[in-house]
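K.L.:
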Amino acid sequence: MDDLQISKKRSISYWFVDGISEIGTGSVIAFMGCLFLLLAVLPHGSKWNLVIAYGQPVFIVGAFYLVSKIVRAFKDRVTFPRTGFVSYIRPKINKRIQRGVMAGSISAAVSILTMLISGKLDQRFVPLFISALLAIAFILFGFYYGVKRFYILTAIILLTGVVLFILNLPDPLDSAWLFLSAGGGMICSGLITMIHYLRTTHPAAPEELG
Amino acid sequence: MTTDLQASLSGIDRLLHEPARLMIATILFPLEQSDFLYLLRETGLTKGNLSAHLIKLEEAGYVEIEKVFRGKVPMTLIKLSPTGRNAFTEYRNKLKEIMEQIALKEKK
């Protein structure tokens, strides 16, 4: 990796220096787990069960939107006054469309693959399969963002998948626990990072602001 | 020293060739912009030293500096200008060229 790629990775990894992004993303993933848990607990076919089942995508998008606002507000009030402000180059509009199309295609492919495999596989293999997919995603994030603790989260997710495979819980309880564990792991990782960050940094003195 | 290597070395951008300014350009290159505090922490330079280098880069048109307010708090935003980005890219290419010429010379 050349010097510029090292610098770019360092700049990108700065977004994760305070742990708030992980806490935010972990909260959304844990929220997804809570939705699955509610689906497991609420009587099948009941009004609320249907609302949650069909409203899941809307709830999740709403949660991501809310979390992005909270993350930004935290960075504005806590992170940037301590260790400085950065903004990242936004790719040109056609590149953003390209990325959106690619992300959408990959999501669709993963959904189709999951449906095909879970249709053929015994239910107990499904959390193992999903945890493997999540683990791959975390490895890629860890590599691209240069954040090593994502590799620890990978191990936690894989371990959770194995445990759920052994426990052989009914659907959607297995998915609920998988997402709750993944989300919980990210929240813990984010909190540890945040505590470390707050202890080792301080709000900048006025003369440091330039 | 070969004349090719001499020509390459003499053509190097001396403004960017200074270690502190090179560090500033390297940090800014992947970003849209950063503030003074971020550069101060990342470079490890003193406030005066960083300011002096930024002024030189600004005078050459390599960076754009903007003083804004975030609420009541002043903030100095810095970004590489298009000229600065081109100069940095050319500098990197020049360095690669020099290293290749040295490697070629060593093989002979």
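Chains as they are written, first to last, in my numbering: chain U, 40 to 249; chain W, 677 to 784.
Even for Gly, the Cβ is constructed at its ideal location relative to N, Cα and C.
In this text the structure is predicted, and so the values were computed from the model without any measurement.
1) Step through the CB atoms of chain U and report whether any lies within less than 8 Å of the CB of I703 of chain W.
2) Hey, does S66 of chain U have any beta-carbon neighbour from chain W nearer than 8 Å?
3) For D711 of chain W, which residues of its own chain have a beta-carbon under 8 Å away from its beta-carbon, when the five flanking residues on both sides are left out?
4) Check for me: the beta strand (DSSP E) holding E740 of chain W runs from which residue to which?
5) In chain W, which residues lie less than 8 Å from A243 of chain U when you measure between Cβ atoms?
6) Between the region 65 to 81 of chain U and the region 196 to 215 of chain U, are three or more C-beta pairs nearer than 8 Å?
7) Taking Cβ-Cβ distances shorter than 8 Å, what residues in chain W pair up with T122 of chain U?
8) Anything in chain W within Cβ reach of S126 of chain U, meaning under 8 Å, just list it in chain order.
9) Distance, Cα to Cα, I255 of chain U vs A763 of chain W?
10) Return no unless some Cβ of chain U is closer than 8 Å to the Cβ of V749 of chain W.
11) For the structure I just gave you, are there three or more beta carbon pairs, one from the region 41 to 56 of chain U and one from the region 698 to 710 of chain W, closer than 8 Å?
12) May I ask which residues mark the beginning and end of the beta strand (DSSP E) holding T752 of chain W?
13) Please report the distance separating the alpha-carbon of G223 of chain U from that of G65 of chain U.
P.N.:
Considering the structure as presented:
1) yes
2) No, S66 of chain U lies away from the interface with chain W (no Cβ there is under 8 Å from its Cβ).
3) For D711 of chain W, where only same-chain residues beyond five positions count, the Cβ hits under 8 Å are M751, T752, L753, I754.
4) 739 to 746
5) Within 8 Å Cβ-Cβ: L713.
6) Touching, yes.
7) L713, Y714, R717
8) Residues of chain W whose Cβ lies closer than 8 Å to the Cβ of S126 of chain U are, in chain order, L707, E708, Q709, S710.
9) Look at the range of chain U in this structure, 40 to 249, and you will see that residue 255 of chain U is not part of it.
10) yes
11) yes
12) 749 to 756
13) 6 Å
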